[in-house]
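Asks: Pasting a structure below so you can have a look.
There are 2 protein chains.
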Amino acid sequence: MLSNRIRNSKLLNKVCTAKEAAMLIKDGMNVATSGFTPSGYPKAVPLALAKLAKETKNKIKINLYTGASVGDELDGALARADIIEKRLPYQTNKSLREITNRGKCEFLDMHLSHVPHYTKLGFLGKIDIAIIEAVAITKEGHIIPSTSIGASPTYVKMADKVIIEINTSQPPQLEGMADIYIPKNPPYTRPIPIVMPNDRIGTEYIPCGIDKIAAIVITDIKDNVRPLAPVDETSQKISEHLINFLKREVEEGRLTNELLPIQSGVGSVANAVLAGLGKSDFENLVCYTEVIQDSMLELIDTSKVLFASGTSITPSIEGLEKFKENIKFYRDKIILRPQEISNHPEVIRRLGVIAINTAVEVDIYGNVNSTNIMGSGMMNGIGGSGDFTRNAYISIFTTPSTAKNGEISSIVPMVSHHDHTEHDVMVVITEQGVADLRGLSPKERAESIIKNCAHPDFRPMLIDYFNRAKEGRDKHIPHILEEALSWHARFMKKGTMRVK
Amino acid sequence: MLSNRIRNSKLLNKVCTAKEAAMLIKDGMNVATSGFTPSGYPKAVPLALAKLAKETKNKIKINLYTGASVGDELDGALARADIIEKRLPYQTNKSLREITNRGKCEFLDMHLSHVPHYTKLGFLGKIDIAIIEAVAITKEGHIIPSTSIGASPTYVKMADKVIIEINTSQPPQLEGMADIYIPKNPPYTRPIPIVMPNDRIGTEYIPCGIDKIAAIVITDIKDNVRPLAPVDETSQKISEHLINFLKREVEEGRLTNELLPIQSGVGSVANAVLAGLGKSDFENLVCYTEVIQDSMLELIDTSKVLFASGTSITPSIEGLEKFKENIKFYRDKIILRPQEISNHPEVIRRLGVIAINTAVEVDIYGNVNSTNIMGSGMMNGIGGSGDFTRNAYISIFTTPSTAKNGEISSIVPMVSHHDHTEHDVMVVITEQGVADLRGLSPKERAESIIKNCAHPDFRPMLIDYFNRAKEGRDKHIPHILEEALSWHARFMKKGTMRVK
């Protein structure tokens, strides 16, 4: 059994306990791990590290770099053990969010394509230790990654030492799905030779080598995949608007019935959109995205989607069983790439990706806040939304028109934090309707967003703001600066954006 | 003479007056022209159109698309004649700025790389007429562009009809400097085969064809090139900080003494930076930029810069004479590309461009406003700063720490308009110093920017804001929303951001 997982007997003497591996991690280190959208992240070593920290008096602090979000065994356990000094580039963990917003953890919110790039260029400091979850280690000491690729190839390349968690709960059949390619640094960078989403351009393993491996830990803790968000009525309506928008694009000749590669975030709206695509007349679809979830696997099952490229696969427990059973069917229909490639501007613009992402709030001029609640409180992070939006064929943001039981309008005079600017956002969709902003000036955008996307309860307030703003001195992007963020301030004080 | 300029005798019967050509332009048309950073834009036809509009009762309105900024004969004359309904993507003209900010012209502020791309995809509507300045027309009816390429190749490709202005004041020696390449639309897009800034990948002419040419106008009106902004003391200091920053990057091993391709905007700071590079120890430099000005030609003269790729060349009147005389020397040292290529994310990231752009204001968390004064008043536009910044090897923004004789702080609690977000800005430089934001969390960025970049007069106010903001509920990006834009509001009311 183990010889299948660790294919060089020289490596067997590096097998150790999670605690022994955790003891390699010292105060002040930059620790980089596998993991992308709770999948394929190390679990045993961080749990052991958190336990160690509680048992010893000598507090340690590390900077923790990952691909994207990871499970509670990593972010949660280390956050609660007060070990994380600095964290990048994305997270979805309650405990980590709490220490971030309390000011106890320095969080860097980065474009996911930038993370491996900046790591290679030395902008994020030296990587002391990489901890990578794997299904196997090859004879040469190379790593067969588990359910996510993320930034692991670059972290391994740049790390002084590598700890590998062989996770026996992860299907060995994943071998062959990864396609690892690391662009060289300038001035030696060459074109990334992907011209179709299913092009394979790299190796099936993460290059590492025997000497770099400092410890191997065997574990069977399962990926703590979040359950699929249920499709509610609002998400359903947003999905219908989106499908109708795409249909009109086909009618207008700007898309064909096969569309173009689709990128779709995660969550209730994304699931509704994928379900909507499943029922639509579109055919032979392909995805060039980050995360492959159950809902996408189902579209592959029915051949609605012919192919999906991502950087992680996050099946549910039942989904994982089906995935294992039908691995031969899936093998030539899925590629897992490093996030530098899945999210690379070069590839996204070349392929003409239709980018569908979720906004926290949108303002009347088309700026989008994806990250910070009321301007200051980190939700998750920008993730890949910037990589895809800026370079998309069509960039789409969805959001329910209200939040907090209708006390918050997701359409506001000015967003309280800017992640995507007026220069990048093409289409905004709420359950109310679609604002197609392409070719519109700021004032035209405001009219379209207020009319088509705002909730009727807030529409008169937005019209009133916009009309009064237009009486100001400069009318290119009319604002009343004293009032632009007053809706948020009101919510902070009174628990509602409503005036009475 | 003319046979050199118009090389197919069939085309001679299309030669007409500017007025006759202008009469082809009808109400409601989308008119797209050559021109990028006042060079190579049509002059005779727009002047004739403006004159026509004043003489006739039937008012016409057009949407005017260009490469970037154009001279007063186009933007100014048409703005004053009240002909422009909608304008994109960039401008620097006083009259146009005035009607935009008065709300009399709908202005779309776009990433310059997006303009040809979106035109091809049909997102900006049909191009009815393209007006292109040329030095010659080939036998096949193809266009030898003058001093700018901009979006001309795509405008010609997508236009129903093309009007060509042969400008005899433009040196015919420009022929051979253009390198025209238009990527195909997805799903047929292929890698752009540039791996070095001096790679030639296309044709020396803009493909057009005889049939598409509706009119040819002969003119000799000179490019209305703006004089080089003088290097003042503040710009000088900023330049010194920047050169020292780059030296440190070399010392740290993140750059070599040849640096990487440089993109530099226009204006006083840009001139000071280029002058600083001229005096520095860096050598064998190359530029991958938008505009090639006198200051860059001088660096080529001294072999400090070996090669420059841009989308326009804007020599002064004396610079133009020198350029003509030494054309053989310059020929293999300059390439002019379409702005889709000069500004393409794929190429910029591949080459590892060092992007140096100017900010109107920067906030303590590293967000940059490049465009809108006090949030509402358009200055020029985002131009290519977004294309370069997001994809740069190192992205740098420069700004004097104060404006309006010290009444405005360029470092503010929150920028009044967001063009570049915290996710994209690596380095901020004022005459006060350098804030290197790479790897810093928002709060760390605030400390660095306030300490290194803010003017001492405003530093205590910024520290006070930051400290009080940190007492709020959420501390990831601490803000006091009621106060975040109050500095701007105060300036609007009292003419100063100072408190007393």
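Protein sequence lines correspond, in order, to chains C and G.
Taken in order, the first sequence gives residues 0 to 499; the numbers are from numbering that gives the first Met the number 0.
Taken in order, the second sequence gives residues 0 to 499; the numbers are from numbering that gives the first Met the number 0.
Where a beta carbon is used, it is the ideal one built from N, C-alpha and C, also for glycine.
A quick note: this is a predicted structure, and the numbers were derived from the prediction, not measured.
1. Grouping DSSP H, G and I as helix and E and B as strand, with all else coil, what is L258 (chain C)?
2. How far does the alpha helix (DSSP H) with L298 (chain C) in it extend, from its first residue to its last?
3. Verify the contact flag: D159 (chain G), CB atom, against every heavy atom of the ligand ATP, threshold strictly below 8 Å.
4. Could you list which residues in chain C have their beta carbon closer than 7 Å to that of A483 (chain G), in chain order?
5. If we ignore side chains and look at the alpha-carbon of each, how far apart do V161 (chain G) and K53 (chain G) end up?
6. Going by beta-carbon coordinates alone, are P185 (chain C) and L245 (chain G) separated by less than 9 Å?
7. Verify the CB distance criterion: does R189 (chain C) have a CB-CB separation below 9 Å to chain G?
8. Is A358 (chain C) helix, strand or coil by DSSP?
9. With a threshold of 6 Å on Cβ separation, who are the neighbours of N197 (chain C) within its own chain once the five nearest residues in sequence on each side are excluded?
10. Below 9 Å between beta carbons: does that hold for N92 (chain C) and A80 (chain C)?
11. Could you give the C-beta distance for F106 (chain G) and H475 (chain C), rounded to a whole number, given that I count them as a contact under 8 Å?
12. What span of residues does the alpha helix (DSSP H) with E320 (chain C) cover, start to end?
13. Determine which residues of the segment 430-461 of chain G have a Cβ less than 9 Å from any Cβ of chain C, and write them out in chain order.
14. Buried or exposed, going by whether 16 or more other CB atoms sit within 10 Å of the CB of M176 (chain G)?
15. At 4 residues or longer, and completely inside the segment 361-394 of chain G: list those alpha helix (DSSP H) runs for me, N to C.
16. Give me the Cα-Cα distance between P412 (chain C) and S33 (chain G), rounded to the nearest whole angstrom.
17. Checking 9 Å against the spacing of the C-beta atoms, do Q262 (chain G) and I355 (chain G) come in under that value?
18. When DSSP builds the beta bridges, which residues end up paired with A287 (chain G)?
19. My output table needs one value for Q166 (chain G): the three-state DSSP class, helix, strand or coil.
20. Answer with yes or no whether the minimum CB distance from R253 (chain G) to chain C is below 9 Å.
21. How big is the Cα-Cα spacing for G201 (chain G) and Y180 (chain G)?
22. State the start and end residues of the unbroken alpha helix (DSSP H) segment that holds D463 (chain C).
23. I need the boundaries of the alpha helix (DSSP H) containing K500 (chain G), first residue and last residue.
24. For I476 (chain G), return the contacting residues in chain C, with the cut-off set at a CB-CB distance below 8 Å.
25. Would a C-beta distance cut-off of 9 Å place R437 (chain C) and H110 (chain G) closer than the cut-off?
26. Determine, for M28 (chain G), whether the minimum Cβ-Cβ distance to residues of chain C falls below 9 Å.
27. Would you check if the distance between the CB atom of R253 (chain C) and the CB atom of G376 (chain G) is smaller than 9 Å?
28. Is F396 (chain G) helix, strand or coil when you go by DSSP?
29. Does DSSP classify N3 (chain C) as helix, strand or coil?
30. Ignoring anything shorter than 3 residues, give me the beta strand (DSSP E) runs that lie fully in the segment 166-243 of chain C, in order along the chain.
31. Answer with buried or exposed for F328 (chain C), where buried requires no fewer than 16 other C-beta atoms within 10 angstroms of its C-beta.
32. Would you check if the distance between the CB atom of G275 (chain C) and the CB atom of I242 (chain C) is smaller than 9 Å?
33. Between the Cα of G140 (chain C) and the Cα atoms of C:Y154, C:E19 and C:I215, which residue gives the shortest distance?
34. Is it the case that the Cβ atoms of E289 (chain G) and Q338 (chain G) are separated by a distance below 9 Å?
35. Would you mind sorting G27 (chain G) into buried or exposed? The rule is 16 or more other CB atoms within 10 Å of its CB.
36. Using DSSP with H/G/I as helix, E/B as strand and the rest coil, what is F106 (chain G)?
Replies: For this structure:
1. coil
2. D293 to D300
3. As for the ligand ATP, it is missing from this structure, which has no ligand bound.
4. L484
5. 24 Å
6. no
7. yes
8. coil
9. F306
10. no
11. 6 Å
12. I316 to E324
13. R437, G438, L439, S440, P441, K442 and E443
14. buried
15. 384-390
16. 36 Å
17. yes
18. In the sequence under discussion, the amino acid at residue 287 (chain G) is Tyr, which differs from the Ala named in the question. Answer by DSSP bridge pairing, in chain order: G:S308.
19. According to the sequence shown, residue 166 (chain G) is Asn rather than Gln. It is a strand residue.
20. yes
21. 5 Å
22. R458 to A468
23. The question about residue 500 (chain G) has no answer, for chain G in this structure spans 0 to 499.
24. N371, G374, S375, M377 and H416
25. no
26. no
27. no
28. strand
29. helix
30. 212-218
31. exposed
32. yes
33. C:I215
34. yes
35. exposed
36. strand
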